[in-house]
Amino acid sequence: MTASHSRRHVQPAAPAAAEGLWSDDEVEVPLPGGDVTDGVVRVGDTVRRPIGPHSRLVHDVLTHLDQVGFAGSPRFLGLDAKGREVLTFVAGEVAGRPWPAWVADERRIVSVARLVRSYDDAVVTLPIPESGADPQFAAPAGTPPSVAGRAELLGHMDVTPENVVFRDAEAVALIDFDLVRPATRAEEVGNVLQWWAPLMPIEDREPVLRDVDPIARAMVIVDAYGLSDADRDLLVPVMRNAADRTWYLMKQRAEDLGGG
Ligand SMILES: Nc1ncnc2c1ncn2[C@@H]1O[C@H](COP(=O)(O)OP(=O)(O)OP(=O)(O)O)[C@@H](O)[C@H]1O
Ligand SMILES: [Mg+2]
Numbered sequence: 001m002t003a004s005h006s007r008r009h010v011q012p013a014a015p016a017a018a019e020g021l022w023s024d025d026e027v028e029v030p031l032p033g034g035d036v037t038d039g040v041v042r043v044g045d046t047v048r049r050p051i052g053p054h055s056r057l058v059h060d061v062l063t064h065l066d067q068v069g070f071a072g073s074p075r076f077l078g079l080d081a082k083g084r085e086v087l088t089f090v091a092g093e094v095a096g097r098p099w100p101a102w103v104a105d106e107r108r109i110v111s112v113a114r115l116v117r118s119y120d121d122a123v124v125t126l127p128i129p130e131s132g133a134d135p136q137f138a139a140p141a142g143t144p145p146s147v148a149g150r151a152e153l154l155g156h157m158d159v160t161p162e163n164v165v166f167r168d169a170e171a172v173a174l175i176d177f178d179l180v181r182p183a184t185r186a187e188e189v190g191n192v193l194q195w196w197a198p199l200m201p202i203e204d205r206e207p208v209l210r211d212v213d214p215i216a217r218a219m220v221i222v223d224a225y226g227l228s229d230a231d232r233d234l235l236v237p238v239m240r241n242a243a244d245r246t247w248y249l250m251k252q253r254a255e256d257l258g259g260g
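Residues 1 to 260 (the UniProt record's numbering) are what the sequence shown spells out, left to right.
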């Protein structure tokens, strides 16, 4: 863990971004957050992030969210001279590592679940691209088939504390859409439960969530999302299946890319 990961980031409000107009010679401030994407920086009222094969889908999602008037995500402004995506900077508070004590607050998890619900309801009108509809597509050999059923929407599927912006202890925006993919609502809520209940082995939990009651918190999250009864019945098998499938994916990545 680096020193930069051990503080929380309180991000001051910035003046409104001038639409489509950004300078390329302003100071770049590194934004350490999660563990995956290197080179995320803030430049004025914008964030610059490296792009990859998934970025076209991410940009389609962010553009759709803007068009339907969803306020809980950054806006995609285009690519800069270095080929990076340019997003609006969302002012607020985001968890760093180790996670701050407020990750355990019940009010926070209610607002996270409501934000994810409003995201899902906003993205559901964007058609799912054909190529991404089959969960078995590009899955490593041996991966058990998905039991999630037909995808309903393009889920965020990475609702970690580092990827939610809060203001006044309320979740106001999701960021980091790199893992967007066709998903069901049960899969999306399962992802929220994994991080925020948290439904994971106690030895894997961040210290601030070691002593919470994850089942009680899971019920709060599922109720605040307003998950249907049919989807509640699917949650446990879908989450177990997702964990099994992820094991194969991580194994393949470790073999292909090295590292952990
Ligand atoms: N649009 C944004 N508005 C405000 N803050 C942002 C924005 N994008 C990123 N950040 C800040 O930068 C941090 C890192 O950004 P991001 O989550 O996009 O990448 P990452 O965490 O490195 O990627 P990954 O989660 O894949 O490891 C976030 O945790 C957040 O603190
Ligand atoms: Mg992140």
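Where a beta carbon is used, it is the ideal one built from N, C-alpha and C, also for glycine. Just so you know, these numbers come straight off a predicted model, no measurement behind them.
The beta strand (DSSP E) with residue i in it runs from where to where?
i: Leu249; result: Careful: Leu249 lies outside any beta strand (DSSP E), inside the alpha helix (DSSP H) at Asp229 to Leu257.
i: Arg217; result: Arg217 -> not in any beta strand (DSSP E); alpha helix (DSSP H) instead, spanning Pro214 to Tyr225.
State the start and end residues of the unbroken alpha helix (DSSP H) segment that holds residue i.
i: Arg107; result: Glu106 to Val123
i: Leu65; result: Ser55 to Gln67
i: Val208; result: Looking at the DSSP string, Val208 is not in any alpha helix (DSSP H), and its letter there is neither H nor E.
Kindly examine ligand 2 and report whether one of its heavy atoms sits closer than 7 Å to the Cβ of residue i.
i: Asp38; result: no
i: Glu162; result: yes
Going by Cα to Cα distance, which pick from the options is closest to residue i?
i: Gly69; options: Asp45, Met239 and Tyr119; result: Tyr119
i: Pro38; options: Pro30, Asp45 and Gly44; result: As written in the sequence, residue 38 is Asp, which differs from the Pro given in the question. When each option's Cα is compared against that of Asp38, the closest is Pro30.
i: Gly226; options: Asp105, Arg114 and Gln67; result: Arg114
i: Pro129; options: Gln194, Gly258, His54 and Gly92; result: His54
i: Ala183; options: Ala151, Arg205 and Ile202; result: Ala151
i: Arg84; options: Ile221, Gly92, Pro98 and Thr46; result: Thr46
i: Asp158; options: Ser146, Leu126 and Gln194; result: Gln194
i: Asp168; options: Ser111, Gly258, Ala138 and Pro214; result: Ser111
i: Asp256; options: Pro140, Val192, Pro201 and Arg185; result: Pro140
i: Leu179; options: Val40, Val220, Asp223 and Leu57; result: Leu57
Report yes if the C-beta of residue i is less than 7 Å from at least one heavy atom of ligand 1; otherwise report no.
i: residue 263; result: The displayed coordinates of the chain run from 1 to 260. Any statement about residue 263 would go beyond what the structure contains.
i: Asp178; result: yes
i: Ile175; result: yes
i: Val94; result: yes
i: Phe89; result: yes
i: Val165; result: yes
i: Pro100; result: no
i: Arg150; result: no
i: Pro74; result: yes
i: Arg49; result: yes
i: residue 305; result: This structure does not reach residue 305, given that the chain is present from 1 up to 260, and the question cannot be answered.
i: Leu31; result: yes
According to DSSP, residue i sits in a beta bridge with which residue or residues?
i: Phe76; result: Leu87
i: Thr46; result: Val43 and Thr88
i: Arg181; result: Gly155
i: Ala173; result: Val165
i: Pro129; result: Beta-bridge pairing links Pro129 to no other residue.
i: Val29; result: Arg42
Using 10 angstroms around the beta-carbon of residue i, count the other beta-carbons present and answer buried if the total reaches 16, otherwise exposed.
i: Leu87; result: buried
i: Val116; result: buried
i: Leu249; result: exposed
i: Pro144; result: exposed
i: Leu65; result: buried
i: Thr160; result: buried
i: Ile175; result: buried
i: Leu199; result: buried
i: Arg253; result: exposed
i: Pro15; result: Below a pLDDT of 50, predicted positions are generally treated as unreliable, and Pro15, at 37, falls in that range; the measurement from the model is reported next regardless. Result: exposed.
i: Glu187; result: buried
i: Glu26; result: exposed
i: Ala13; result: Per-residue confidence for Ala13 stands at a pLDDT of 36, beneath the threshold of 50, marking its modelled position as unreliable; no derived number is given.
i: Arg185; result: buried
i: Lys251; result: exposed
i: Asp229; result: exposed
i: Pro127; result: exposed
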